[in-house]
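Chemist: Count along the sequence shown from 1, add 6, and you get the number used in our numbering.
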Amino acid sequence: MPSVTGAFARAMAQAAGMTLRDDGALVSGGDVVRRLPGRADGRIADTDYFDLLDWIRLRHPDEVALVQAYADLIRVDDIGVLGLAIKTAPTLRASLARVERYWRVVTDTAVYRLETTGDPAHLVFEPRTGHHPVLDFRNEGALAGLLRNMSLFVQVAFVPRYVSFRHACRSDAGRYAELFGCPVHFGAERTAIALSAEALELPNRLGDAAVSDFLTAHLETELGSLEEDSSLRAMLLRHLTPGLSNGVPQAGAVARELGLSERTLYRRLSDEGLTFRDVLTEAQSSLAQDLLRDSDSTIAEIAFLTGFSEQSTFSRAFKRWLGVAPAQFRQNVAAR
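(1) Should the segment 65 to 74 be called in touch with the segment 46 to 57, which here means at least 3 C-beta pairs below 8 Å?
(2) Rounded to a whole number of angstroms, what is the C-alpha to C-alpha distance between residue 306 and residue 287?
(3) Report the residue ranges of all alpha helix (DSSP H) runs contained in full by the segment 280 to 306; include only those spanning at least 4 residues, in chain order.
(4) Please confirm whether residue 222 and residue 91 have their CB atoms less than 7 Å apart.
(5) Exposed or buried, which one is residue 11 when buried takes at least 16 other CB atoms within 10 Å?
(6) With distances taken Cα to Cα, identify the nearest neighbour of residue 49 among 113, 130, 321, 169.
(7) Using only the alpha-carbon positions, how far apart do residue 332 and residue 294 sit?
(8) Using only the alpha-carbon positions, how far apart do residue 104 and residue 238 sit?
(9) Residue 6 by DSSP, collapsed to three states: which one?
(10) Take residue 177 and list the residues in its own chain whose beta-carbon comes closer than 6 Å to its own, dropping the five residues that flank it on each side.
(11) When the distance is taken between beta carbons, is residue 275 closer than 7 Å to residue 98?
(12) Going by Cα to Cα distance, which pick from 160, 153, 163, 211 is closest to residue 183?
(13) Taking the alpha-carbon of residue 252 as reference, which of 290, 157, 271 has the nearest alpha-carbon?
(14) Please state whether the Cβ-Cβ distance between residue 146 and residue 73 is less than 7 Å.
(15) Which runs of the beta strand (DSSP E) at least 3 residues long sit entirely within the segment 17 to 59? Give them in chain order.
(16) Measure the CB-CB distance between residue 169 and residue 190 and report whether it falls below 7 Å.
(17) Just list the residues that DSSP pairs residue 119 with in beta bridges.
(18) Starting from residue 79, trace the beta strand (DSSP E) both ways and give me its first and last residue.
(19) Just verifying my parser: in three-state terms, what is the DSSP assignment at residue 276?
(20) Should residue 322 go down as buried or exposed, given a rule of 16 or more other Cβ atoms within 10 Å for buried?
(21) Measuring alpha carbon to alpha carbon, tell me which of 247, 264, 273, 309 ends up nearest residue 134.
(22) Let me confirm a value: residue 43 is counted as buried when at least 16 other C-beta atoms fall within 10 Å, else exposed. Which label applies?
(23) Which value, in whole angstroms, describes the spacing of the CA atoms of residue 247 and residue 308?
(24) One question on the structure: do residue 199 and residue 141 come within less than 7 Å of each other, judged by their Cβ atoms?
(25) Quick check on the DSSP output: the beta strand (DSSP E) that includes residue 201 runs from which residue to which?
(26) Does the beta-carbon distance from residue 117 to residue 225 come in below 7 Å?
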């Protein structure tokens with residue numbers, strides 16, 4: 007399951023005047039008002055993190071002010087070795103290249119992609135989880151926080167060309183322009199920060215290539231130790247499986263929820279030698295086998311849970327996948 011470093015959650019709690027303790031307790035005014043499941047690795051499951059952000063923002067009188075407070079509080083130092091590697095990279099370009107490659111060590115709910123072929127260049131932010139009502143707010147906080155940190159570790163003051171978001175504006179557009187210090191476009195094709203080619207070459211205050219390379223070596227080791235597959239196939243499986251009980255989703259709808267165009271979804275799957283139908287079938291087959299093996303659900307219920315409207319259609323598909331009928335599969339498992 008995708009997860010997020012606890013540093014992001016703690017900063018958002020602090021931005022709202024609360025404290026998120028290491029044991030997962032959210033404290034406000036001395037009282038525990040909410041609890042998150044604790045994890046030994048200091049990370050939070052994506053669903054728990056998103057639910058926490060949603061809970062906080064719905065109780066805050068001013069979402070734009072909350073994004074501003076979060077951006078003022080979150081620091082690259084809070085994300086460990088990656089933060090240090092970002093700060094000590096020689097230039098802003100090198101810093102953003104580290105963000106692009108190693109962001110997965112702090113969360114696999116989103117990725118950054120650095121596009122430098124044009125002017126302006128774009129640091130694109132792409133979600134890697136299913137839809138959640140709080141994601142627009144999360145995206146605003148992510149870009150505001152990163153841009154605020156850029157202004158702190160780069161030697162010379164700079165202003166981005168613009169910031170863009172795929173979602174519609176939910177407040178006064180002028181306040182967002184003031185928050186980001188540049189034009190902000192809503193309803194855009196992508197969520198991104200646009201930077202001039204000159205800005206990318208600005209030196210960092212603590213730029214030290216040797217130190218940054220040393221830290222990057224540690225990041226390579228950490229990245230290599232992550233067991234979860236980062237392919238689009240794996241991301242789609244994580245996204246598709248929980249929602250199959252609502253019916254078989256259309257590729258276009260899934261692409262939008264993942265922050266991709268339908269064309270990009272097909273292209274990236276093709277690069278992995280797959281089609282959308284291939285991954286959908288794998289999600290249905292895997293879930294069906296898990297339910298037959300580990301649950302007491304009836305065949306009809308499992309058909310519904312895996313996106314089929316008729317048990318007979320499900321049974322034919324399952325036999326095509328596994329070579330045996332669902333009931334026979336369950337009996338074979340029980341006999342082992």
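Using N, Cα and C, we set each Cβ at its ideal position, and we do this for glycine too.
Modeler: Judging by the given coordinates:
(1) Touching, no, given that fewer than three Cβ pairs across the two stretches are closer than 8 Å.
(2) CA-to-CA, the gap between residue 306 and residue 287 works out to about 18 Å.
(3) DSSP runs (the alpha helix (DSSP H)) wholly in the segment 280 to 306: 282 to 300.
(4) A contact, by the Cβ cut-off of 7 Å.
(5) Using a 10 angstroms sphere on the CB of residue 11, the tally of other CB atoms reaches 16 or more, which defines it as buried.
(6) Comparing Cα-Cα distances from residue 49 to each of 113, 130, 321, 169, the minimum goes to 113.
(7) A straight-line Cα-Cα distance of about 8 Å links residue 332 and residue 294.
(8) Near 21 Å, if we compare the C-alpha coordinates of residue 238 and residue 104.
(9) Residue 6 lies beyond the residue range present for the chain, which begins at 7 and ends at 342; the question has no answer from this structure.
(10) Around residue 177: 70.
(11) One thing to note: residue 98 has its Cβ no nearer than 7 Å to the Cβ of residue 275.
(12) Residue 153 holds the alpha-carbon nearest to the alpha-carbon of residue 183 among 160, 153, 163, 211.
(13) Put simply, of 290, 157, 271 the residue whose alpha carbon is nearest the alpha carbon of residue 252 is 290.
(14) Taking 7 Å as the Cβ cut-off, residue 146 and residue 73 qualify as a contacting pair.
(15) For the segment 17 to 59, whole beta strand (DSSP E) runs of length 3 or above, ordered along the chain, are 31 to 34, 37 to 41, 49 to 51.
(16) Residue 190 sits close to residue 169, with the two beta carbons spaced by under 7 Å.
(17) Under DSSP, residue 119 takes part in a beta bridge, and its partners are 130.
(18) Residue 79: not part of any beta strand (DSSP E); member of the alpha helix (DSSP H) spanning 69 to 79, first to last residue.
(19) DSSP places residue 276 in helix when its eight states are reduced to three.
(20) Result: exposed.
(21) Looking at 247, 264, 273, 309, the one whose alpha-carbon comes closest to that of residue 134 is 264.
(22) Residue 43 comes out exposed.
(23) Rounded to the nearest angstrom, the two C-alpha atoms are 13 Å apart.
(24) No, these two residues do not count as a Cβ contact at 7 Å.
(25) In the DSSP annotation of this structure, the continuous segment of the beta strand (DSSP E) that includes residue 201 starts and ends at 197 to 201.
(26) Cβ atoms of residue 117 and residue 225: not closer than 7 Å.
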